[in-house]
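In the numbering used here, the protein residues as written are 143 to 487.
Using N, Cα and C, we set each Cβ at its ideal position, and we do this for glycine too.
Computed from a predicted model, the values in this text were never measured in an experiment.
Report on the following structure.
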Ligand code: PEP
Ligand code: MN
């Protein structure tokens, strides 16, 4: 249910409505736009009818949200949500590229990659310190040591850091080092992890589960918002289909679908979405054409030696070629590529 306040309503009037709603057991989420204040009221709908809020002169209307996701829906926040991370904004006119290796393997590897991707125009450094691997015998990540290398790379390059958290017990540790927490595809419905990430104070990139429907994915984001974290980004990374040439099937229709149903930014991962490096640049371009707010791309200085996902990793040289193409494409789309802030130079 959302309560739309009339334009120009005062803080006291907003307070009066929230108090009445709280008395009836509703949980309130405020969305304050430039013109309008919208209140998301989660609770028993029959009690809302009894309250008759529309009788109040400063309430414009009360609208039920029929979809199961509420705070994630466009109705709750009609304008696009802008996620502010350091000096950067995601969800506005600028398109951000997050790039780096699948896994942080060593200090040298992450620093070399960070400098290269920054040079090519990325604004965020990616790299897993905790790796969710299909096999227990595969490299599991450098853990806190890896987080320290990422933080050092941020220090040296001005790139912001995005890294995955796979366990609720590590959320505060990862949040101490990272600028954005990534919740991976395998954990999209790990509700304990989502609830913990909701309290971490950092933005979250929520990847789509390999067989999650759009609605399940939006409900996972609802957990984050309901837990108080409004800084949420969706990330499509391909779904499991019958096709076996590609690692996953990158579902680019999710970009306009999410932009219709939700106010949250959408990031595309063409690396996991295809599993093949030569498919990454064309799908990255297609993602921007579809309206994506950003990309997350795997780059490794020596893909043939990568401990994970080498086949889908671009070399720094190939990444640079792709970035130059993307720069041209964004201008046609009336958008711009994000840039590392001048202060970091
Ligand atoms: C990753 O980004 O390296 C990763 C493990 O991604 P996903 O969760 O999409 O498989
Ligand atoms: Mn990977």
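Any non-hydrogen atom of the ligand MN closer than 8 Å to residue i Cβ
{"i": "residue 277", "result": "no"}
{"i": "residue 440", "result": "yes"}
{"i": "residue 257", "result": "no"}
{"i": "residue 242", "result": "no"}
{"i": "residue 454", "result": "yes"}
{"i": "residue 426", "result": "no"}
{"i": "residue 238", "result": "no"}
{"i": "residue 245", "result": "yes"}
{"i": "residue 420", "result": "no"}
{"i": "residue 215", "result": "no"}
{"i": "residue 414", "result": "yes"}
{"i": "residue 451", "result": "yes"}
Where the beta strand (DSSP E) containing residue i begins and where it ends
{"i": "residue 183", "result": "179-184"}
{"i": "residue 204", "result": "201-205"}
{"i": "residue 174", "result": "169-174"}
{"i": "residue 226", "result": "225-227"}
{"i": "residue 448", "result": "Per DSSP, residue 448 belongs to no beta strand (DSSP E) and is neither H nor E."}
{"i": "residue 236", "result": "236-242"}
{"i": "residue 526", "result": "Nothing can be reported for residue 526: it is not among the residues displayed for the chain, which extend from 143 to 487."}
{"i": "residue 231", "result": "230-232"}
{"i": "residue 214", "result": "Element bounds for residue 214: n/a, residue is neither H nor E."}
{"i": "residue 147", "result": "144-147"}
First and last residue of the uninterrupted alpha helix (DSSP H) at residue i
{"i": "residue 469", "result": "458-474"}
{"i": "residue 195", "result": "No alpha helix (DSSP H) holds residue 195; DSSP gives it neither H nor E."}
{"i": "residue 251", "result": "249-262"}
{"i": "residue 164", "result": "153-165"}
Residue i: CB within 8 Å of a non-hydrogen atom of the ligand PEP
{"i": "residue 273", "result": "yes"}
{"i": "residue 270", "result": "yes"}
{"i": "residue 328", "result": "yes"}
{"i": "residue 460", "result": "no"}
{"i": "residue 312", "result": "no"}
{"i": "residue 306", "result": "yes"}
{"i": "residue 393", "result": "no"}
{"i": "residue 324", "result": "yes"}
{"i": "residue 382", "result": "no"}
{"i": "residue 321", "result": "no"}
{"i": "residue 194", "result": "no"}
{"i": "residue 226", "result": "no"}
{"i": "residue 344", "result": "no"}
{"i": "residue 309", "result": "no"}
{"i": "residue 349", "result": "yes"}
{"i": "residue 186", "result": "no"}
{"i": "residue 290", "result": "no"}
{"i": "residue 318", "result": "no"}
{"i": "residue 476", "result": "no"}
{"i": "residue 466", "result": "no"}
{"i": "residue 411", "result": "yes"}
Whole-angstrom C-beta distance between residue j and residue i, which should lie under 8 Å
{"i": "residue 307", "j": "residue 272", "result": "7 Å"}
{"i": "residue 291", "j": "residue 252", "result": "5 Å"}
{"i": "residue 320", "j": "residue 295", "result": "Between residue 295 and residue 320 the Cβ distance is about 12 Å, and since that is not below 8 Å, they are no contact."}
{"i": "residue 216", "j": "residue 405", "result": "5 Å"}
{"i": "residue 375", "j": "residue 348", "result": "7 Å"}
{"i": "residue 148", "j": "residue 214", "result": "So it is not a contact: roughly 25 Å between Cβ atoms."}
{"i": "residue 258", "j": "residue 443", "result": "7 Å"}
{"i": "residue 266", "j": "residue 304", "result": "5 Å"}
{"i": "residue 182", "j": "residue 218", "result": "5 Å"}
{"i": "residue 412", "j": "residue 425", "result": "4 Å"}
{"i": "residue 455", "j": "residue 441", "result": "6 Å"}
{"i": "residue 227", "j": "residue 302", "result": "6 Å"}
{"i": "residue 505", "j": "residue 417", "result": "Examination of residue 505 is not possible in this model, given that the chain is present from 143 through 487 alone."}
Minimum Cβ-Cβ distance from residue i to chain C less than 9 Å
{"i": "residue 450", "result": "In summary, chain C is missing from the structure at hand, where a single protein chain is found."}
Length-filtered (3 minimum) beta strand (DSSP E) runs lying within the segment 355-436: 374-378 and 408-410
At 4 residues or longer, what runs of the alpha helix (DSSP H) sit wholly inside the segment 296-358? 313-319 and 333-340
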